[in-house]
Amino acid sequence: MQIVVLDGFALNPGDISWEGIKKLGDVEIYERTPEEKILERAQGAAILLTNKTPLNREIIKALPELEYIGVLATGYNVVDVEAAAEDEVVVTNVPTYGTNTVAQFVLALLLETCHHVGEHNRAVKSGAWTEADDFCFWDYPLIELQGKTLGIIGFGSIGQRTAELASAFGMEIIAYDRSPEKKKADPAVKTDKVEFVDLMDLYRRSDVISLHCPQTEETEGMINKVSIAQMKEGVIIINTARGGLIVESDLAAALESGKVKTAAVDVLSTEPPAASNPLLNSEKAIVTPHIAWASLEARERLMKTVVQNLKNFLEGNPINQVN
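Using the numbering used here, read the sequence shown as starting at 1082 and increasing by one per residue.
Encoded structure:
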């Protein structure tokens, strides 16, 4: 069984093992695959594993031996799942592996906006404390989270875990979800400390807004000058979901005007971003390089599920199938 990993580096830069995959077939692992090399490298493979390397209709139709595509992530928009289904190619993803680590990263971003630990560390190391007249100093306002309102857009597993962590800091939690009644009726979902509201109400009431919804036709560009105008003065916006949820030029303008106090984003509309991206040039934006998912523990869970997905497929009982 020929297995080709098209872009394995992000999942495994060398600190975890491919052994589980190697036990299942003849494996060729590429760290990255440029677009012009996709078809060449995929030829003859029955199994393709991809993270962000796109597999469009044209590619899929040109691979008659292809039986299975395993996405090394939760989002599977890099694969034309309809074309795959037409050719009876099974496509799987890896859900929920990053719930804890992404929610933790949301709080890391939020705490950085509240205390600017990194900036104060750099100031101290550059001599600012040594030269200070007083026993302490701070270069930014310091913010306490107790009593602040966190608005969560999208109350899936990561949104739910984020709510739990934020509640521990004494934050009030409101949430917008496409299926609030379903969430309330699910005994596995903790909703006792969550108030479900409509989107406009969330915009108006939130001190902090955290995005946890998928990028769809309905949600693309949902954070824009119109929605920002509905928000509180000095709102904080956090995005660990998808960069395309935000109109970045509108957010940059709102940061410049002070309408938005801080934006902390782990994702951008184009990745890697162009140097001209307006959020890269905003002093009020914290931008991290799409790493909320990437703790060692989360990647180990991801790899374990990738192996299990493939095992189940080979045994004729696919799991986590998305097409």
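Here a beta-carbon is modelled for each residue, glycine too, at the ideal position from N, C-alpha and C. Keep in mind that this is a model prediction, so the values were computed, not measured.
Query: So for D1258, helix, strand or coil by DSSP?; Result: coil
Query: Taking the straight line between their C-alpha atoms, what separation do you get for G1151 and E1396?; Result: 15 Å
Query: Given that a residue counts as buried once 16 or more other Cβ atoms are within 10 Å of its Cβ, and exposed if not, what is S1363?; Result: buried
Query: Consult DSSP for D1214 and reduce its assignment to one of helix, strand or coil.; Result: coil
Query: Helix, strand or coil: which one does DSSP assign to E1253?; Result: strand
Query: In whole angstroms, what is the alpha-carbon distance linking V1175 and G1199?; Result: 33 Å
Query: V1275 by DSSP, collapsed to three states: which one?; Result: strand
Query: Can you list, in chain order, the residues of its chain with a C-beta nearer than 6 Å to that of E1109? Leave out the 5 residues immediately preceding and following it.; Result: V1085
Query: Buried or exposed: where does F1218 fall if 16 or more other Cβ atoms within 10 Å of its Cβ makes it buried?; Result: exposed
Query: Can you give me the C-alpha to C-alpha distance between N1132 and N1401, rounded to a whole angstrom?; Result: 15 Å
Query: Whole angstroms are fine: how far does the CA of P1370 sit from the CA of S1248?; Result: 27 Å
Query: Which of helix, strand or coil does DSSP assign to K1313?; Result: coil
Query: Given a cut-off of 7 Å, decide if V1368 and V1346 are closer than it, judged by their beta-carbon atoms.; Result: yes
Query: By Cβ distance, which residues of its chain are closer than 7 Å to S1350, with the 5 residues on each side in sequence left out?; Result: G1324, G1325 and E1329
Query: Since I believe K1229 is in contact with V1060 (beta carbons under 8 Å), could you give me their beta-carbon distance rounded to a whole number of angstroms?; Result: The first residue shown for the chain is 1082 and the last is 1404, placing residue 1060 beyond what the model contains.
Query: Does the distance from the CB of K1365 to the CB of L1336 come in under 7 Å?; Result: yes
Query: Pull up the distance between the alpha-carbon of I1309 and that of Q1241, whole angstroms please.; Result: 24 Å
Query: Determine, using beta carbons only, whether Q1083 and A1126 come nearer to each other than 7 Å.; Result: yes
Query: For my contact list, L1283 and I1255 are in at a C-beta cut-off of 8 Å; report their separation, rounded to the angstrom.; Result: 6 Å
Query: What residue does the beta strand (DSSP E) around L1130 start on, and which one ends it?; Result: I1128 to T1131
Query: Taking the beta carbon of L1191 as the centre, do at least 16 other beta carbons fall within 10 Å, making it buried, or is it exposed?; Result: buried
Query: Note down the Cα distance separating T1300 from A1333, rounded to an integer number of angstroms.; Result: 19 Å
Query: What would DSSP say about T1180, mapped onto helix, strand or coil?; Result: helix
Query: To the nearest angstrom, how far is the alpha carbon of Q1296 from that of I1304?; Result: 12 Å
Query: Suppose the cutoff is 6 Å on Cβ atoms and the five residues either side in sequence are ignored; what does the same chain contact list for L1292 look like?; Result: I1234, N1320, A1322 and L1326
Query: May I have a chain-ordered list of the alpha helix (DSSP H) segments no shorter than 4 residues that lie completely inside the segment 1320–1396?; Result: 1329–1338 and 1377–1395
Query: Just list the beta strand (DSSP E) runs in the segment 1138–1181, keeping only unbroken ones of 3 residues or longer that don't cross its boundaries, in chain order.; Result: 1149–1152 and 1171–1173
Query: In whole angstroms, what is the alpha-carbon distance linking Q1389 and L1246?; Result: 30 Å
Query: Using 8 Å for Cβ pairs, my map puts V1162 next to V1403. What's the rounded Cβ distance?; Result: 6 Å
Query: Identify which residue in P1135, N1137 and D1168 has its Cα closest to the Cα of E1146.; Result: D1168
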